């Protein structure tokens with residue numbers, strides 16, 4: 008089953024640039040890591056914790072999504088770290 012980004016538009020936001028939410032499986036696919044690693048990268052007591060990792064947004068009792076813009080910022084930060092090294 009293919010997952011699709013869910014467009015949302017908050018009040019007062021620019022209508023030309025809609026926000027998009029992605030599910031955890033799509034995030035894992037974009038980053039080339041497992042779904043379980045996405046949990047570990049966001050968990051502060053994990054040895055894999057990454058403070059720059061995108062924080063999920065709760066959109067239901069058991070559902071969380073990530074802002075695509077946050078994921079892009081995270082990837083940009085990783086690229087900057089690589090260039091600085």
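In the working numbering, the protein residues as written are 8 to 92.
Each residue gets a CB set at the ideal place from its N, CA and C atoms; glycine is no exception.
Note that the structure is predicted; figures quoted are calculated from it, not measured.
Option nearest residue i by Cα separation, candidates the options
i          : options        : result
residue 26 : 75, 60, 88, 54 : 75
residue 60 : 72, 77, 53     : 77
residue 81 : 72, 64, 71, 58 : 58
Buried versus exposed, by CB contacts within 10 Å (16 or more), residue i
i          : result
residue 66 : exposed
residue 79 : exposed
CA-to-CA distance, residue j to residue i, given in whole angstroms
i          : j          : result
residue 69 : residue 62 : 15 Å
residue 92 : residue 29 : 30 Å
residue 50 : residue 87 : 23 Å
residue 55 : residue 41 : 13 Å
residue 37 : residue 90 : 20 Å
residue 31 : residue 84 : 20 Å
Assigned secondary structure, residue i (DSSP; H/G/I helix, E/B strand, else coil)
i          : result
residue 59 : coil
residue 69 : coil
residue 50 : coil
Bounding residues of the beta strand (DSSP E) (the contiguous stretch that carries residue i)
i          : result
residue 29 : 26-29
Check: residue i C-beta below 7 Å from any heavy atom of the ligand FMN
i          : result
residue 37 : Questions concerning the ligand FMN fall outside what the structure shown contains, since it holds no ligand whatsoever.
Range of the contiguous alpha helix (DSSP H) that encloses residue i
i           : result
residue 107 : The requested residue 107 does not occur in the structure, where the chain is confined to residues 8 to 92.
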